[in-house]
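What follows is a set of notes on a single structure, which appears directly below.
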Amino acid sequence: MNIILKVRETLEKGNIVALTGAGISEESGIPTFRGKGGIWEKFSPEIYANIPGLIGAFLFMPSRIRDFILEFYLTIHNAHPNKAHYILAKMEQRGILNCIITQNVDNLHQQAGSENVIELHGNMLKFRCTKCEKKYTLREKRLEEFIYRLKSASRREIIRLFLPKCECGGRYRPDVVLFGEFLPQDELNRAYMELEKTNSLLLIGTSGVVYPAASLPYFAKERGMTIIEINPYHTALSHLADYTILKKATEALPEIFEHFNEQSQKKFRN
Ligand code: APR
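In this note's numbering, the protein residues as written are 21 to 290.
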């Protein structure tokens with residue numbers, strides 16, 4: 021029996037959790053982090069993905085920081101969910117998929133209609149006060165104004181935009197996890213609790229090299245869950261997978277869930 025039929029049989033039993041990475045958003049125009057043309061090829065993570073690096077870059081090459089922030093927000097602003105995001109949302113609505121655990125910060129799962137989304141690395145559109153923990157989300161209009169002002173921002177303006185003051189006297193920052201920072205413990209606990217309750221783990225578009233997110237598939241394996249990987253290339257997690265489908269997410273998911281496909285296609289076309 022071909023692998024798609026076997027995977028479909030497994031997943032149709034339901035009780036699935038998906039763990040997604042940058043690869044699922046690649047076909048929405050958001051570059052992955054690693055590999056050819058990846059974000060870290062253009063902006064080294066040693067500088068742009070940790071606090072000390074960002075402070076140094078801000079002090080000595082502020083325009084480079086502005087370019088990095090601008091590119092990230094423009095890409096997210098111009099991106100829309102793709103077929104793969106919509107099919108996962110459809111699977112959740114049909115009660116087959118329990119939740120999505122994502123490493124992505126692009127908000128595309130939520131835009132596609134997924135509700136139970138655990139964001140291990142946060143969300144670039146959310147800002148959190150480092151003092152009182154108050155949060156807000158950059159919605160459409162505010163995001164457009166943020167990007168517009170960023171384009172010609174001076175060093176001082178970058179601070180006002182990127183680390184705005186909170187009424188409590190603290191400062192807001194993007195609610196994302198940088199290298200060297202701890203993941204939100206509640207989100208990580210929720211991810212483990214979701215895995216405790218499920219039969220199958222669907223790995224989509226992750227290289228599986230960043231921990232602790234990459235430890236979740238090992239936990240699933242220990243619990244005897246069936247692991248299905250969808251990725252055009254083999255990854256650090258492929259040895260755990262019962263099935264590896266070497267295809268893009270927007271090719272594999274419609275094939276597996278074709279009866280969802282016409283629904284998601286309709287929604288996708290609208
Ligand atoms: N469909 C499915 N997978 C794809 C596609 C696609 N169309 N295109 C690329 N991929 C795969 C790549 O083969 C790669 O294995 O997606 C994966 C992307 O890997 P990374 O760029 O390492 O992204 P990710 O695994 O999400 O990184 C994890 O690292 O830098 C940090 O915080 C960042 O959340 C990120 C974390």
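Don't be surprised by glycine CBs; every beta carbon is placed ideally from N, CA and C.
6 Å Cβ shell around residue i - same chain, five flanking residues per side excluded
{"i": "C188", "result": "K151, C152"}
{"i": "T255", "result": "S227, G228"}
Continuous alpha helix (DSSP H) stretch holding residue i: start and end
{"i": "M213", "result": "205-216"}
{"i": "N98", "result": "82-98"}
{"i": "G57", "result": "Unbroken run through G57: none, as it is neither H nor E."}
{"i": "H129", "result": "128-131"}
{"i": "P65", "result": "65-68"}
Boundaries of the beta strand (DSSP E) in which residue i is found, first to last residue
{"i": "M245", "result": "That residue, M245, is in no beta strand (DSSP E); it is neither H nor E in DSSP."}
{"i": "Y263", "result": "263-265"}
{"i": "S220", "result": "220-224"}
{"i": "I276", "result": "From DSSP, I276 is part of no beta strand (DSSP E) but of the alpha helix (DSSP H) over 269-276."}
Counterpart residues of residue i in DSSP-defined beta bridges
{"i": "D195", "result": "N143"}
{"i": "V137", "result": "I120"}
{"i": "R148", "result": "K155, R193"}
{"i": "A15", "result": "Past the edges of the chain, shown from 21 to 290, lies residue 15, and the structure says nothing about it."}
{"i": "E249", "result": "L223, T264"}
{"i": "K185", "result": "R191"}
Same chain, Cβ closer than 8 Å to residue i, neighbours up to 5 away in sequence not counted
{"i": "F147", "result": "K155, Y156, T157, L158, P184, Y192, R193, P194, D195"}
{"i": "I71", "result": "L198, G200, E201"}
{"i": "M245", "result": "L215, T218, N219, S220, L221"}
Inter-residue Cα distance where the pair is residue i and residue j
{"i": "N127", "j": "L145", "result": "8 Å"}
{"i": "R54", "j": "G115", "result": "33 Å"}
{"i": "N136", "j": "I36", "result": "12 Å"}
{"i": "Y238", "j": "G228", "result": "11 Å"}
{"i": "L140", "j": "L215", "result": "14 Å"}
{"i": "L266", "j": "P252", "result": "4 Å"}
{"i": "I250", "j": "G142", "result": "23 Å"}
{"i": "E164", "j": "S64", "result": "26 Å"}
{"i": "C186", "j": "R180", "result": "11 Å"}
{"i": "R169", "j": "T218", "result": "45 Å"}
{"i": "G73", "j": "F277", "result": "43 Å"}
{"i": "K26", "j": "D262", "result": "10 Å"}
{"i": "R110", "j": "S134", "result": "For clarity, residue 110 is Lys in the given sequence; the question names Arg instead. So the two alpha carbons sit approximately 8 Å from each other."}
{"i": "I247", "j": "Q205", "result": "24 Å"}
{"i": "K56", "j": "A69", "result": "18 Å"}
{"i": "P82", "j": "N22", "result": "53 Å"}
{"i": "A234", "j": "I75", "result": "28 Å"}
Residues of its chain near residue i, where Cβ-Cβ distance is below 7 Å and the 5 sequence neighbours each way are ignored
{"i": "I89", "result": "L170, F182"}
{"i": "T52", "result": "A42, G43, E46, G58"}
Contact between the region 171-184 and the region 208-215 (3+ Cβ pairs under 8 Å): Contact between the region 171-184 and the region 208-215 is absent: fewer than 3 CB-CB pairs across the two stretches fall below 8 Å.
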